[in-house]
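Heads up: the sequence lines are chains A and B, in that order.
83 is the number that this note's numbering gives to position 87 of the first sequence; each next residue is one higher, with no gaps.
Just so we're on the same page, this note's numbering is the position in the second sequence counted from 1, plus 528.
We put the beta carbon where it would ideally sit given N, CA and C, even for glycine.
Remember, predicted model here, so these are calculated numbers, not experimental data.
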Amino acid sequence: MTRLSLIPIAVAAVGLSLAGCGSPSTPSAGPSETTETSSAATPSATLPVGAPNTETVITVTISGGVVTPTNAEEQAVVGQPIVLEVNSDAPDSIHVHSVPAHTFDVAARPDQRFEFTVDVPGQVDVELHDLNRTIVTLTVRPR
Amino acid sequence: MTQATETVLAHGVGGSTDLPIPLNYALVGGVWALILTFAVVAVAWRTPKFDPAKPGRALPGWVTVAVDSPILRGVVATVALVGTVWVGVAAIWGPQNADSALPGAFYVLLWVGLVAVSVLVGPIWRVVSPVRTVWRLLRRERAENGTRGYPPRLGYWPAAVGLFAFVWLELASPDPGSLTAIKIWLLVYAVAMFIGAAAFGTRWFARADPFEVYSVTVSRLAPFRRNHQTGRIVIGNPLDQLPTMPVRPGTVAVTAVLLGSTAFDSFSQSKGFRNFVDRNGAAVPLLGDSGGASVLRTAALLFFVVAVGVSFWAAARATGGVTREQRRELPGRLAHSLIPIVVGYIFAHYLSYLVERGQETVVRLADPLARGWNLLGLDSGDVVYVLSMNPALLWTIKVACVVIGHVVAVIAAHDQALRVIPVGHQLTGQLAMMLVMVAYTLTGLYLLFGG
């Protein structure tokens, strides 16, 4: 892997002028392919039957003013469902800092299920608002 | 401003952050930085090459006429002022939640966009600065006789403080996304600018306006400059212009704030640091959980800035054969060589923000009051996530920016060392500086890799 990636770096190091740092080159793939997955929070039943299951499931417990886990790290894939299974003893809200963004209202009861997808690759923080904690950072990779 | 507080957003603008660069990209970048550094030192030229007095290639006369035209400058300043008012209207009467255009305009378009434009065309803030424009309108009739003149020993220190105040709000304050906090910051900024200008005249803007000093600093890398003998605008090697960075008290502090804060931004997103802040934030007395967390982040931010400043200062002084007086001047005389590292790292770090959050912000500004105006036909579907969708491209750009910035810095430092370090000490005298620059770059790559 290391050797393969030498080539683009070498090309870039030679080819990019200083000003080139400020101006990105043309993309190789258009962004239009994201729009088909933009229907956020669709149930997993819409996935084609037999498709590889890359669902990411995170179990979250909120109890006595403490959330578990915090600052966890999980992998996820663009367009694939991400599920938060939440048990809580207090109302709160969960903010997913992705593109598109999601907000879920947490009620004071067990077995709540929030499902969403992320359209744009990146590191996505999932935050619990009232307790002011980051539950998990999702590393969302392209498909 | 009375609604419930917004949630804490990364950099105050929300959305996701870049994927970390893979290890092999970081390693390849690091190896290139090392090889090229030693190449520069080993095969180096022995007489200084770069000279701000070089004439450059003169651009057509109309360029100089246009740049110097009071009418054109007035038009540009007016457009910038209208843009500022536009953002102000969106901030005050627009949506008061995460849909507000203010954080994006403040943290992305202003902070990162200013660097991009200044690196390309020169110190633009001097022309577009809204505080300068308003001041000119207010003071049109009165000459500046009542002012005391700016004390030279202050140098750029007020701007360094202002820059730190900006990065503190973005990276260490309790809630960087708080519209109220941003508005208070801007109000304090405007008041400080006007009071200072009333006391010291317009030189205050040149020394104390954080955005102007930021713009002037990075503009030393612009390909365009003015030939001071002919007055013509010329195009030339940025390395010839780089040493024109004014050496004043606080010059090193300005670059240390810029580089240290960008490194802290990467570091503060690491799991280890977040856990540390979460566990110990409540232990800080009197301030509560989020206040305590802010104190810890502030201390860490300050540590990064001081570490950069002190290491650079010490490395610049680490040479033999100079008098005490000359040694004291060395950090300032070498400070310009840090600018390429700063610019390279800022682009590596914030380029996707500028391109993608920048587009989101422009879309929001096209509908400042959230009434569905969609001026210029812009809506959120138009945002193209060109860099995030192509991680390999983004990683390549990031590593290239860091490595190129590093190499340009090393070249500039070597060339300046030939001027300021006496013969016989030139090779050993720049060793510490080269090692410090390598350390900055490897640390930067490590942080982009994600620790």
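So, is the C-beta of A:R137 closer than 8 Å to a C-beta in chain B?
-> To locate residue 137 of chain A, count along the first sequence from 1; it is residue 141. Output row for A:R137: interface = yes.
How would you write the range of the beta strand (DSSP E) that A:V82 sits in, first residue to last?
-> Against the first sequence, residue 82 of chain A aligns to sequence position 86. Residues I78 to S84.
Nearest residue (CA-CA) to A:R129, options A:T50, A:G61 and A:E51 = Numbered from its first residue, the first sequence carries residue 129 of chain A at position 133. Among A:T50, A:G61 and A:E51, the Cα nearest to that of A:R129 belongs to A:G61.
Have a look at B:L858 and B:A842 and give me their C-alpha separation to the nearest angstrom.
-> Along the second sequence, read from residue 1 onward, the residue named residue 858 of chain B stands at position 330. Along the second sequence, read from residue 1 onward, the residue named residue 842 of chain B stands at position 314. Distance between the alpha carbons of B:L858 and B:A842: 10 Å.
A:H91 (DSSP reduced to helix, strand or coil) | As a working note, residue 91 of chain A is residue 95 in the first sequence. A:H91 falls in the strand class under three-state DSSP.
Three-state secondary structure (DSSP) of A:Q119 | Looking up residue 119 of chain A in the first sequence gives position 123. DSSP places A:Q119 in strand when its eight states are reduced to three.
B:P868, buried or exposed, once every other Cβ within 10 Å from all chains shown has been counted against 16 = In the second sequence, residue 868 of chain B corresponds to position 340, counting from 1. B:P868 is buried by the Cβ-count criterion.
Range covered by the alpha helix (DSSP H) that runs through B:F795 | Translated into positions along the second sequence, residue 795 of chain B becomes position 267. Per DSSP, B:F795 belongs to the alpha helix (DSSP H) from T779 to S796.
Would you call the CB atoms of B:S916 and A:V116 closer than 8 Å?
-> The residue labelled residue 916 of chain B in the question sits at position 388 within the second sequence. The residue labelled residue 116 of chain A in the question sits at position 120 within the first sequence. In this structure, A:V116 lies closer than 8 Å to B:S916 by Cβ.
Expressed to the nearest angstrom, what Euclidean distance is found between the alpha-carbon atoms of B:R802 and B:S796?
-> Numbered from 1 along the second sequence, position 274 holds the residue referred to as residue 802 of chain B. Numbered from 1 along the second sequence, position 268 holds the residue referred to as residue 796 of chain B. Each residue's alpha carbon lies about 7 Å from the other.
Cα-Cα, which of B:D910, B:G909 and B:D895 is closest to B:L903?
-> By one-based count along the second sequence, residue 903 of chain B stands at place 375. Nearest neighbour of B:L903 by Cα position, chosen from B:D910, B:G909 and B:D895, turns out to be B:D895.
Report yes or no: do the stretch 805 to 815 of chain B and the stretch 759 to 766 of chain B share at least 3 C-beta pairs separated by less than 8 Å?
-> no
Own chain partners of A:A86 with C-beta closer than 7 Å, once the 5 adjacent residues on each side are dropped | Within the first sequence, residue 86 of chain A is the residue found at index 90, counting from 1. For A:A86, where only same-chain residues beyond five positions count, the Cβ hits under 7 Å are I58 and A104.
Would you call A:P39 buried or exposed, if buried means 16 or more other Cβ atoms sit within 10 Å of its Cβ?
-> Locating residue 39 of chain A in the first sequence gives position 43, counting from the first residue. Caution is warranted here: a pLDDT of 42 is assigned to A:P39, below 50, making its placement in the model unreliable, and the coordinate value is therefore given only provisionally. Under this definition A:P39 is an exposed residue.
Under a CB-based cut-off of 8 Å, is A:V122 close to chain B?
-> Position 126 of the first sequence holds residue 122 of chain A. No, because no Cβ of chain B sits closer than 8 Å to the Cβ of A:V122.
Three or more C-beta pairs below 8 Å linking the stretch 863 to 882 of chain B and the stretch 932 to 942 of chain B | yes
Does any residue of chain B bring its CB to less than 8 Å from the CB of A:A97?
-> One-based indexing of the first sequence puts residue 97 of chain A at position 101. Yes, contact with chain B.
Below-8 Å beta-carbon distance, B:P919 vs any chain A residue = Along the second sequence, read from residue 1 onward, the residue named residue 919 of chain B stands at position 391. At least one chain A Cβ lies under 8 Å of B:P919.
State the start and end residues of the unbroken alpha helix (DSSP H) segment that holds B:S908.
-> For the purposes of this step, residue 908 of chain B is taken as the residue at position 380 of the second sequence. It is not in any alpha helix (DSSP H) - B:S908 carries neither H nor E in the DSSP assignment.
Which bits of chain B does A:V116 rub up against, with CB to CB less than 9 Å?
-> Looking up residue 116 of chain A in the first sequence gives position 120. Here the neighbours are G543, S544, E884, Y913, S916 and M917.
B:T565 beta carbon less than 8 Å from that of B:M962 | Looking up residue 962 of chain B in the second sequence gives position 434. Looking up residue 565 of chain B in the second sequence gives position 37. The answer is yes: Cβ separation under 8 Å.
Do you know how far the Cα of B:N918 is from the Cα of A:A97?
-> As a first step, residue 97 of chain A is located in the first sequence; it is residue number 101 there, counting from the start. As a first step, residue 918 of chain B is located in the second sequence; it is residue number 390 there, counting from the start. Between A:A97 and B:N918, the C-alpha separation is close to 20 Å.
Any Cβ of chain A within less than 8 Å of the Cβ of B:R802?
-> By one-based count along the second sequence, residue 802 of chain B stands at place 274. Contact of B:R802 with chain A is assigned, a C-beta pair being separated by under 8 Å.
What do you reckon, are the CB atoms on B:V889 and B:L714 nearer than 8 Å?
-> In the second sequence, counting from the first residue as 1, residue 889 of chain B sits at position 361. In the second sequence, counting from the first residue as 1, residue 714 of chain B sits at position 186. According to the sequence as given, residue 889 of chain B is Thr; it is not Val. The answer is no: Cβ separation not under 8 Å.
Going by other Cβ atoms of all chains shown within 10 Å of its Cβ, with 16 needed for buried, is B:R776 buried or exposed?
-> Start at 1 with the first residue of the second sequence, and residue 776 of chain B comes out as number 248. Classification for B:R776: buried.
By the criterion of Cβ-Cβ separation under 7 Å, what are the contact partners of B:K799 in chain A?
-> For the purposes of this step, residue 799 of chain B is taken as the residue at position 271 of the second sequence. Per Cβ cutoff of 7 Å: N67 and E69.
Starting from B:R861, trace the beta strand (DSSP E) both ways and give me its first and last residue.
-> Residue numbering aside, residue 861 of chain B sits at position 333 when the second sequence is read from its first letter. Segment R852 to L862 is the alpha helix (DSSP H) holding B:R861; no beta strand (DSSP E) there.
Is it true that the CB of B:A791 sits closer than 8 Å to the CB of B:Q769?
-> Walking along the second sequence from the start, residue 769 of chain B turns up at place 241. Walking along the second sequence from the start, residue 791 of chain B turns up at place 263. In this structure, B:A791 does not lie closer than 8 Å to B:Q769 by Cβ.
B:I874: buried (16+ other C-beta within 10 angstroms of its C-beta) or exposed?
-> For the purposes of this step, residue 874 of chain B is identified with residue 346 of the second sequence, where counting begins at 1. So B:I874 counts as buried.
Status (buried if at least 16 other CB within 10 Å, exposed otherwise) for A:T69 = To locate residue 69 of chain A, count along the first sequence from 1; it is residue 73. This sequence places Glu at residue 69 of chain A; Thr is not what is there. Its Cβ having fewer than 16 others within 10 Å, A:E69 is exposed.
B:T730 by DSSP, collapsed to three states: which one?
-> One-based indexing of the second sequence puts residue 730 of chain B at position 202. Residue state, collapsed to three classes: coil.
Residues of its chain near B:P766, where Cβ-Cβ distance is below 7 Å and the 5 sequence neighbours each way are ignored | In the second sequence, the residue the question calls residue 766 of chain B occupies position 238. Cβ within range, chain order: L749, A750 and P751.
What is the C-beta distance between B:V927 and B:I549, in whole angstroms, given that I count them as a contact (C-beta under 8 Å)?
-> The residue labelled residue 927 of chain B in the question sits at position 399 within the second sequence. The residue labelled residue 549 of chain B in the question sits at position 21 within the second sequence. That belief holds up - the Cβ atoms of B:V927 and B:I549 are roughly 6 Å apart, short of 8 Å.
So, is the C-beta of B:L817 closer than 8 Å to a C-beta in chain A?
-> Here residue 817 of chain B refers to the residue found at position 289 of the second sequence. The sequence as given places Asp at residue 817 of chain B; Leu does not occur at that position. Answer yes: the Cβ-Cβ gap between B:D817 and chain A drops below 8 Å somewhere.
Alpha carbon to alpha carbon, how far is B:A605 from B:P658?
-> Start at 1 with the first residue of the second sequence, and residue 605 of chain B comes out as number 77. Start at 1 with the first residue of the second sequence, and residue 658 of chain B comes out as number 130. Each residue's Cα considered, the two are about 7 Å apart.
So does the stretch 820 to 833 of chain B actually touch the stretch 692 to 706 of chain B, counting three or more Cβ pairs closer than 8 Å?
-> yes
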